[in-house]
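S.K.:
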Amino acid sequence: MHPAVQGLLTIAIGVGACISYFYFSNIILDKLIFPARGPHAGRNINRANLVRPWLFLFPGLAALGLYLAYPVFETLRLSLTDRDLGGAYVGLENYRKMADDPKFWEAMRNNAFWLLVVPAASTAMGLIVAQLTDRIRWGAIAKSLIFMPMAISFVGAAVIWKLVYDARPLGTEQIGILNAIYLALGGDQPMNWLTIPFWNNFFLMIVLIWIQTGFAMVILSAALRGVPEETIEAAIVDGANPFQIFFKIKVPQIMGTIVVVWTTITITVLKVFDIVFAMTNGQWETQVLANYMYDQLFRARDWGVGSAAAMVIMLLVTPILAWNVYNARKEMK
């Protein structure tokens, strides 16, 4: 079957199934379960109206349960079993093995570095860019260019920046921009930037900062535009300079949005995988939790420790996600 025909057929079946579900479920509800006739017609109508929203929610809830809830419980179960013992229950043994692995603590340490640097740098740069681009005539073009990295996949961005850090032998033309600049400034030989322990983590962080700055800029720019003009005009009348207006008038009024942006980027950082996998694969002391989980699951074939690492990531992400949702709802009110 031609792919185009197959795609159209899939769409038709999917849409038809949705329409059929809602049509026939309503008929069953109104005609069979709670029929609007007899002495209890009014009560049945009210009960049907109470149940009807759940009919519409059921497909979404079922999909969430299948694709979100089930994997969580299955991962938890696997983290308590041992593949080499035929899936036998071993309790917290996988977590003990993980805690005894130096690579796990390397990943934890690196994730902590990422959490300290990336959300702060991305949010700060996004806020500064949002403020500056709102004050120039070609600000819309500047915003488009800065936001453009958001349209690139993490792997694509990693490939781009891997070329930036590329090192060729001395005497050959350097295609890596960083080494070309370094040699032009008097460097004696090209540097393998991604193999320098500790500092290579920061070279990887730059990639995520480059991507997330555009996200932070868009959200914070909208928040800055929502600051009441009356407060700014009052500050100008009182003699406030632009720095005072920005830091003492605008920033306090959008602090809730700043926190939401910060925590959203924090969640992304905790799950970072693609950039590290594509650029260093966790070598040279650049291991992170998600890459460690991948190594255990698909290289070491140890589903117990790999699932335990996945549970650690989930436990770290969940409180931040809950707090983010809470703050977002509070902002909406």
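So in the numbering used here, spot 102 of the sequence shown is number 274, and the numbers just go up one at a time. Glycine included, every Cβ here is placed at the ideal spot set by N, Cα and C.
Terminal residues of the continuous alpha helix (DSSP H) containing asparagine 198?
M.R.: Element bounds for asparagine 198: 175-199.
S.K.: For a test of the three-state rule: what should DSSP assign to alanine 412, helix, strand or coil?
M.R.: Reduced to three states, the DSSP call for alanine 412 is coil.
S.K.: If you follow the alpha helix (DSSP H) that asparagine 218 is part of, which residue opens it and which one closes it?
M.R.: Here the alpha helix (DSSP H) through asparagine 218 covers 213-236.
S.K.: If the criterion is Cβ atoms closer than 8 Å, does the pair leucine 350 and valine 336 meet it?
M.R.: Result yes, Cβ atoms of leucine 350 and valine 336 sit closer than 8 Å.
S.K.: With burial defined as no fewer than 16 other Cβ atoms inside 10 Å of the residue's Cβ, what is the status of alanine 284: buried or exposed?
M.R.: Looking at its Cβ environment, which holds fewer than 16 other Cβ atoms inside 10 Å, alanine 284 is exposed.
S.K.: Could you round the C-beta distance between glutamate 278 and glutamine 459 to whole angstroms and report it? I think they count as a contact, below 8 Å.
M.R.: Right, the Cβ-Cβ distance comes to about 5 Å (below 8 Å), so this counts as a contact.
S.K.: Please name the residue or residues paired with aspartate 254 in a DSSP beta bridge.
M.R.: Answer by DSSP bridge pairing, in chain order: Ala260.
S.K.: Give every residue of the same chain whose Cβ lies closer than 6 Å to the Cβ of glycine 311, excluding the five residues on either side of it in the sequence, and list them in chain order.
M.R.: Within the same chain, glycine 311 has close Cβ partners Thr305.
S.K.: Please tell me whether methionine 465 and valine 244 are closer than 8 Å, where the distance is taken between their beta carbons.
M.R.: It is not a contact, given that the beta carbons lie outside the stated cut-off.
S.K.: Could you say which of Ala481, Ala235, Ile439, Ala472 lies nearest to proline 291 if we only look at CA atoms?
M.R.: It is Ile439.
S.K.: Note down, in chain order, each residue of its chain lying with its Cβ closer than 8 Å to the Cβ of isoleucine 263, except the 5 sequence neighbours on either side.
M.R.: According to the sequence displayed, residue 263 carries glycine and not isoleucine. Excluding positions up to five away in sequence, the list reads Leu252.
S.K.: Classify valine 157 as buried or exposed, calling it buried when 16 or more other Cβ atoms lie within 10 Å of its own Cβ.
M.R.: Residue 157 lies beyond the stretch modelled for the chain, which goes from 173 to 505, so this question has no answer here.
S.K.: With H, G and I counted as helix, E and B as strand and the rest as coil, what does DSSP make of leucine 288?
M.R.: Reduced to three states, the DSSP call for leucine 288 is helix.
S.K.: Starting from glutamate 345 and walking both ways along the alpha helix (DSSP H), at which residues does that stretch end?
M.R.: Here glutamate 345 belongs to no alpha helix (DSSP H), and DSSP marks it neither H nor E.
S.K.: In three-state DSSP terms, what is tyrosine 337?
M.R.: Note: tyrosine 337 maps to coil in three-state DSSP.
S.K.: Between Gly343, Ile300, Ala339, Arg471, which lies nearest to phenylalanine 419 when the distance is taken from Cα to Cα?
M.R.: Among Gly343, Ile300, Ala339, Arg471, the Cα nearest to that of phenylalanine 419 is on Ile300.
S.K.: With the cut-off set at 8 Å, would you say glycine 454 and glutamine 468 are in Cβ contact?
M.R.: Against a cut-off of 8 Å, the Cβ pair of glutamine 468 and glycine 454 comes out as no contact.
S.K.: Check whether the Cβ atoms of methionine 377 and tryptophan 286 lie closer than 8 Å to each other.
M.R.: Contact flag set, yes.
S.K.: Among Leu180, Ala176, Leu366, which residue has its Cα nearest to the Cα of valine 448?
M.R.: When only C-alpha atoms are compared, the closest one is Leu366.
S.K.: Return the CA-CA distance between alanine 241 and alanine 235, expressed in angstroms with no decimal places.
M.R.: Answer to the nearest angstrom: the Cα atoms are 9 Å apart.
S.K.: Give the range of the alpha helix (DSSP H) segment to which serine 325 is assigned.
M.R.: Taken as a continuous stretch (DSSP letters only), serine 325 belongs to no alpha helix (DSSP H), as it is neither H nor E.
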